[in-house]
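S.K.: To start, I am sharing the structure in question, which I have written as C-alpha cells.
2 protein chains.
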Amino acid sequence: MNIREVAKRAGVSTATVSRVVNGTVPVSTHTERRVRSAIKALGYYPNSHARTLGSGKSHMYGLIISDITNPFFPDIAKGFERIAVEHGQELLIANTDYQPQRMQVCVRRMLERKVDGVAIMTSEMDQQLIQLLNKRGIPIVFLDTGKVGRMTSNIFIDYDIGIEHAIAHLASLGHERIAFISGPPTLPSAQTRKDAFLRSLKNRGIKPRPDYMKTGNHHIDGGQSAMAQLLKMSTIPTAVLASNDLTAIGVIGAIHAAGLRVPDDISVVGFDDIELSQYLQPPLTTVRVPRMEIASRAFTALYAASHKGADHGIEYQIATELVIRQSTGPVRSV
Amino acid sequence: MNIREVAKRAGVSTATVSRVVNGTVPVSTHTERRVRSAIKALGYYPNSHARTLGSGKSHMYGLIISDITNPFFPDIAKGFERIAVEHGQELLIANTDYQPQRMQVCVRRMLERKVDGVAIMTSEMDQQLIQLLNKRGIPIVFLDTGKVGRMTSNIFIDYDIGIEHAIAHLASLGHERIAFISGPPTLPSAQTRKDAFLRSLKNRGIKPRPDYMKTGNHHIDGGQSAMAQLLKMSTIPTAVLASNDLTAIGVIGAIHAAGLRVPDDISVVGFDDIELSQYLQPPLTTVRVPRMEIASRAFTALYAASHKGADHGIEYQIATELVIRQSTGPVRSV
DNA sequence: ATGAAAGCGCTAACAC
DNA sequence: GTGTTAGCGCTTTCAT
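What follows is the structure, encoded as C-alpha cells:
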C-alpha cells in the first residue's frame, strides 16, 4: 500500500496524491475528491521515512532529558509534545540517565533520525557534540547553559528571584540557621541554585555556615541522607532549602523519622513545584519552576529557528516564584 | 555526507560500506579497516530513514501509554527503553491522554513510522485499530486486555492475589468497614481491580457496602474528593483500598485535612507501588505491580514475535504482591 | 569478498 | 492544475 497504488486507483499521478495529502499546492476539488476516496478505500497512510527522505524534513524535534523517571521531565515532555503536535511536529525523547557518555548516543540518535531541532534539557553536555549539531544546521535550545549563538537558543531560568523570595520568607519567619541541600555537583543548574542561595543569604547579612551545606543527588534518598547528617549536628538548622522537590521529600521523611515535625521543628522549602508537592504532608512550600512555560519556550525557539530561518538564537528569561504552603513556619522560640 | 562519499573515500562500493556498518556479511579485514577509517574521517553516520526505507525494518518499537505524567508509565518506559537499546532497538512513545479518540492518532503514527511492534499499555483500545496493526503483521502486546492471538500477546496481571493479601492483611487487623475507591469506570483494569476487591471481600464473608464504593480517577484529586465524601458519612470506614497510589495519596491528604490520622483513625492501602509511596508520610502499604517485569515481558513478547517469527502470541502472567508499610494498622477500638 | 544496480515510498522541480 | 521524473540514502539481490 503506497502512494502509487492510490494514484492508480484515483487515476492521477503520484505527485497529485502527494499534493492533496500535504496540501502544498491547490488541486481541483474534483480530483481531490477522487484522491481522498481512493485513500480511504485503500486505507492508505504515508510512510514517514520515505517522506523524510524525500523532503529532508523529519517534522520531528528531539528532546534530550536526564531521566524520564524524574517528575520534572514528564511535565516538560508532555507540554512539549502537545505544542509540537499542534504544529504538526512530533517528539523524539532520549534519556541520558545522567551519564555524560550517554549524551553522545542521544545526539547521534537525533542526527540519525534527522530531527529538525533538539531541546537539550540536561547538562551532561559536551561542546564537541554541540558542534556536531551546529555543523548540520540543526537548531538547538538549551536549558540553563547560557550560551546563545547561531542556531542555538537558551532558556535562562532566573533562580535568584525565587530563591531570594524563599530566603526572605524564611527570614521573615525568624530563621537564620538555614541549611541548603544541593543537587549533584556535576549538574550546573544545581550549582547555580546553590550559588543563588549563598548570594541571597549574604545579601541578607546572614553568614552561610559551610556545615549547613550538604550535597544531595536530586533524588529522595539523597535528601534523606543529607538531612540525616544535618540532624546529627549539635546545632541543627531551623530551616532547610532543598535543591529540588524530590530532595525536599527526602528531607521531610528524615525529619519525621527523627521524631521531629515540619514546620514546627524545622521548616522545609523545595524547588521545582512538581505536582505532588501540594499534596505532601505538609503541603510543600517551594520555588516554582514553570515547566509548561519552559516547554513552550523551547518549542518556540526551535520552531522559529527551523521555520522562519531566524538563524540567530535568542535568550528567553523565565522567572521562578515562591509558592508558600505549609512546610514553612515561624522559628520555634527556644 | 552519505554512504556514497564514504565508499568513494574508501575506494569501495556502497554495498561494502553497508556491509561493514551492519556486519551482515563478512568483509576482508583490509577493506573493513579502510572503510572504518573513512567513516571516522568523514564523521559519517547512517540516515535511519533511508535505512528503514531500504530494509523495511525500523528497529523501533512503539509504546502507547495514557499519560507520561502518571508515575506508573515513566517506569515502564524507562525499563522498556533500556532493554530495547540493549537489543539494538529504539522506542517511540505516544500518549493518548486518556482519550480514546487519540488512540487512533497514536496507532496511525506507529504505522507511519513503521514500528516493528507495539506495546499498548492503555485501555482506550478499539478493535478496529488492532485489525489495522494485525493486517500489517505488526506484533502487539497488550497489558491486561486478555485477547491473545496471531501476533498479539498479552500481559496478564493477577490483581486478585495482591488484593486478596491486602484484604487479608486488613482483616487480620480487625477491619471490616473497608471502602474502595476505584479508578475511572472506563478503564478496564480499574474495573478488574474493583471486581477483585468485591470478590475478595465476599470470600472473607464481609458484605460489601455499596456506599463504601466510590469512584476516583486515578489522580490525586479524585482520591481526595472520593475520600472527602466518605468522611461525610455517619459511619465512616476504618480502612480504604485505593485503585492506585496516586488515589491513595489523595485519600491520605483528605484524611489529614479532616484532622484524622493514618493509620490510627483510618488505614489506607494503595495500588501500584510507585517509587514515591515508600517515602510518603506514613509510608504507604500498597499492592505492588512490578513495572520492570511488565516492561521486560512486553519487550520479550514483541521481540520474539518480530524476530523468531513466533507468530502466535502468548500470555504472560505477572503476580502482584502486598507491600506492608505504615499506612495500615489495627482498627481502633471504639 | 566485492561491485552493479534495482528498488524502498515519497517529494520537488520542471514541463505542459 | 496535473503529470513526468529525478533524486533522497540506504539495503539487497544478483553477478562475478
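Residue numbers (the working numbering), protein chains in the order written: chain A, 49 to 382; chain B, 49 to 382. Glycine included, C-beta positions come from ideal geometry on N, C-alpha and C. Just so you know, these numbers come straight off a predicted model, no measurement behind them.
Are there three or more Cβ pairs, one per stretch, closer than 8 Å when the segment 269 to 286 of chain A is compared with the segment 298 to 309 of chain A?
M.R.: yes
S.K.: Give me the Cβ distance between L350 of chain B and A142 of chain B, rounded to the nearest whole Å; I'm assuming they're in contact under 8 Å.
M.R.: Here residue 350 of chain B refers to the residue found at position 302 when the second sequence is read from its first residue. Here residue 142 of chain B refers to the residue found at position 94 when the second sequence is read from its first residue. 15 Å between Cβ atoms; not a contact.
S.K.: Taking DSSP as the reference, what is the three-state secondary structure of S273 of chain B?
M.R.: Translated into the one-based positions of the second sequence, residue 273 of chain B becomes position 225. Correct three-state label for S273 of chain B: helix.
S.K.: DSSP three-state label for S220 of chain B, please.
M.R.: Your numbering for residue 220 of chain B matches position 172 in the second sequence. Reduced to three states, the DSSP call for S220 of chain B is helix.
S.K.: State buried or exposed for P74 of chain B, treating a residue as buried only when at least 16 other CB atoms are found within 10 Å of its CB.
M.R.: Locating residue 74 of chain B in the second sequence gives position 26, counting from the first residue. Residue environment analysis places P74 of chain B among the exposed positions, since fewer than 16 neighbouring C-beta atoms fall within 10 angstroms of its C-beta.
S.K.: So is K183 of chain A buried or exposed if we call it buried at 16+ other beta carbons inside 10 Å?
M.R.: Stepping through the first sequence from its first residue, residue 183 of chain A is reached at position 135. The residue is exposed, with fewer than 16 neighbouring Cβ atoms inside 10 Å.
S.K.: Determine the contact status of T368 of chain A and L221 of chain A, defining contact as a CB-CB distance below 9 Å.
M.R.: Position 320 of the first sequence, counted from the start, is the residue given in the question as residue 368 of chain A. Position 173 of the first sequence, counted from the start, is the residue given in the question as residue 221 of chain A. Contact annotation: T368 of chain A and L221 of chain A have beta-carbon atoms that are not nearer than 9 Å.
S.K.: Measure the CB-CB distance between L191 of chain A and I342 of chain A and report whether it falls below 9 Å.
M.R.: Numbered from its first residue, the first sequence carries residue 191 of chain A at position 143. Numbered from its first residue, the first sequence carries residue 342 of chain A at position 294. Yes, they are a contact pair.
S.K.: Could you tell me which whole alpha helix (DSSP H) segments of length 4 or greater appear in the segment 337 to 372 of chain B?
M.R.: Listed in chain order, the complete alpha helix (DSSP H) runs (minimum 4 residues) inside the segment 337 to 372 of chain B are 339 to 351.
S.K.: For a contact defined as C-beta to C-beta under 9 Å, what are the partners of I188 of chain B on chain A?
M.R.: Counting from 1 along the second sequence, the entry for residue 188 of chain B is found at position 140. Chain A residues near I188 of chain B: none, gap ~17 Å exceeds 9 Å.
S.K.: Quick one: using the 10 Å Cβ neighbour count with 16 as the cut-off for buried, is T77 of chain A buried or exposed?
M.R.: The count along the first sequence starts at 1 and reaches residue 77 of chain A at position 29. Only exposed fits T77 of chain A, as fewer than 16 other CB atoms lie within 10 angstroms of its CB.
S.K.: Quick one: residues in its chain with C-beta nearer than 7 Å to the C-beta of G127 of chain B, no 5 flanking neighbours on either side, listed in chain order?
M.R.: Along the second sequence, one-based indexing puts residue 127 of chain B at 79. So the list reads R339, M340, A343 and S344, once near-sequence residues are dropped.
S.K.: Can you give the Cα-Cα distance for R52 of chain B and S85 of chain B, rounded to whole angstroms?
M.R.: Within the second sequence, the letter at position 4 stands for residue 52 of chain B. Within the second sequence, the letter at position 37 stands for residue 85 of chain B. When rounded, the distance between both Cα atoms is 15 Å.
S.K.: Spatial neighbours of H267 of chain A within its chain, please: CB distance less than 6 Å, with the 5 preceding and 5 following residues excluded, ordered by chain position.
M.R.: Your numbering for residue 267 of chain A matches position 219 in the first sequence. L294, listed in sequence order.
S.K.: Among the residues of its own chain, which have a CB less than 7 Å from the CB of H223 of chain A, if the five just before and after it don't count?
M.R.: Taking the first residue of the first sequence as 1, we reach residue 223 of chain A at position 175. Here the set comprises T286, A287, S315 and V379.
S.K.: CB-CB under 6 Å to S114 of chain A, same chain, minus the five flanking residues each way: which ones, in chain order?
M.R.: Numbered from its first residue, the first sequence carries residue 114 of chain A at position 66. Correct list, in chain order: T144, Y146 and T170.
S.K.: First and last residue of the alpha helix (DSSP H) that includes S66 of chain B?
M.R.: Walking along the second sequence from the start, residue 66 of chain B turns up at place 18. Segment T62 to N70, the alpha helix (DSSP H) holding S66 of chain B.
S.K.: Closest to E160 of chain B by CA distance: which of B:E129, B:K105 and B:A132 is it?
M.R.: The residue you call residue 160 of chain B lines up with position 112 of the second sequence. For the set B:E129, B:K105 and B:A132, the Cα lying nearest the Cα of E160 of chain B is the one of B:K105.
S.K.: Whose C-beta lies closer than 8 Å to the C-beta of K255 of chain A among residues of the same chain, with five residues either side of it excluded?
M.R.: Position 207 of the first sequence, counting from 1, holds the residue named residue 255 of chain A. Excluding sequence neighbours, K255 of chain A sits near L249.
S.K.: Determine whether the beta carbon atoms of L218 of chain A and L289 of chain A lie at a separation below 9 Å.
M.R.: As a position in the first sequence, residue 218 of chain A is number 170, starting the count at 1. As a position in the first sequence, residue 289 of chain A is number 241, starting the count at 1. In this structure, L289 of chain A lies closer than 9 Å to L218 of chain A by Cβ.
S.K.: Below 8 Å, how does it come out for the segment 234 to 248 of chain A and the segment 189 to 209 of chain A: are there three or more Cβ pairs, yes or no?
M.R.: yes
S.K.: Would a check of beta-carbon distances place Y146 of chain B closer than 9 Å to chain A?
M.R.: To locate residue 146 of chain B, count along the second sequence from 1; it is residue 98. Chain A, which has no Cβ nearer than 9 Å to the Cβ of Y146 of chain B, makes this no.
S.K.: Please state the DSSP three-state secondary structure of R156 of chain A.
M.R.: The residue labelled residue 156 of chain A in the question sits at position 108 within the first sequence. Note: R156 of chain A maps to helix in three-state DSSP.
S.K.: Where G253 of chain B and D259 of chain B are concerned, what is the direct C-alpha to C-alpha distance, given to the nearest angstrom?
M.R.: In the second sequence, residue 253 of chain B corresponds to position 205, counting from 1. In the second sequence, residue 259 of chain B corresponds to position 211, counting from 1. Looking at the two C-alpha atoms, the distance is approximately 18 Å.
S.K.: Quick test of your reading: Y364 of chain A and I188 of chain A, contact by CB under 8 Å. State the CB separation rounded to the nearest angstrom.
M.R.: For the purposes of this step, residue 364 of chain A is identified with residue 316 of the first sequence, where counting begins at 1. For the purposes of this step, residue 188 of chain A is identified with residue 140 of the first sequence, where counting begins at 1. That belief does not hold up - the Cβ atoms of Y364 of chain A and I188 of chain A are roughly 13 Å apart, past 8 Å.
S.K.: Check N202 of chain A in the structure and name its three-state DSSP category.
M.R.: Here the question's residue 202 of chain A lines up with position 154 in the first sequence. Assigned with DSSP and collapsed to three states, N202 of chain A falls in strand.
S.K.: Taking 9 Å as the threshold (beta carbon to beta carbon), is D321 of chain B in contact with chain A?
M.R.: Counting from one through the second sequence, the residue named residue 321 of chain B turns up at place 273. With 9 Å as the cut-off, D321 of chain B does not count as an interface residue toward chain A.
S.K.: Can you give, in chain order, each stretch of the beta strand (DSSP E) that sits fully within the segment 287 to 341 of chain A and has at least 3 residues?
M.R.: 287 to 290, 315 to 320 and 333 to 336
S.K.: In angstroms with no decimal places, state the Cα-to-Cα distance between M281 of chain A and A305 of chain A.
M.R.: Along the first sequence, read from residue 1 onward, the residue named residue 281 of chain A stands at position 233. Along the first sequence, read from residue 1 onward, the residue named residue 305 of chain A stands at position 257. Cα to Cα, the separation comes out at about 16 Å.
S.K.: For the beta strand (DSSP E) containing V75 of chain A, name the first residue and the last one.
M.R.: Against the first sequence, residue 75 of chain A aligns to sequence position 27. No beta strand (DSSP E) contains V75 of chain A, which DSSP labels as neither H nor E.
S.K.: For Y207 of chain B, would you say it is in contact with chain A, using Cβ-to-Cβ distances shorter than 9 Å as the test?
M.R.: For the purposes of this step, residue 207 of chain B is taken as residue 159 along the second sequence, with counting starting at 1. Not one chain A Cβ lies under 9 Å of Y207 of chain B.
S.K.: By a C-beta neighbour count over all protein chains shown, 10 Å radius and 16 as the cutoff for buried, is H360 of chain B buried or exposed?
M.R.: Working through the second sequence from its first residue, we reach residue 360 of chain B at position 312. Looking at its Cβ environment, which holds fewer than 16 other Cβ atoms inside 10 Å, H360 of chain B is exposed.
S.K.: Look at N264 of chain B and G231 of chain B and say whether their C-beta atoms are less than 9 Å apart.
M.R.: Taking the second sequence and counting its residues from 1, one reaches residue 264 of chain B at position 216. Taking the second sequence and counting its residues from 1, one reaches residue 231 of chain B at position 183. Just to set this straight, residue 264 of chain B is Gly in the shown sequence, not Asn. Yes, Cβ-Cβ distance for G264 of chain B and G231 of chain B is below 9 Å.
S.K.: Kindly indicate the opening and closing residues of the beta strand (DSSP E) around N383 of chain A.
M.R.: Residue coverage of chain A in this structure runs from 49 to 382, which leaves residue 383 of chain A outside it and unanswerable.
S.K.: Thinking C-beta only, is P330 of chain B closer than 9 Å to T117 of chain A?
M.R.: Taking the first sequence and counting its residues from 1, one reaches residue 117 of chain A at position 69. Taking the second sequence and counting its residues from 1, one reaches residue 330 of chain B at position 282. Cβ atoms of T117 of chain A and P330 of chain B: not closer than 9 Å.
S.K.: Under 9 Å between C-beta atoms, does N143 of chain B make it to chain A?
M.R.: Looking up residue 143 of chain B in the second sequence gives position 95. Chain A, which has a Cβ nearer than 9 Å to the Cβ of N143 of chain B, makes this yes.
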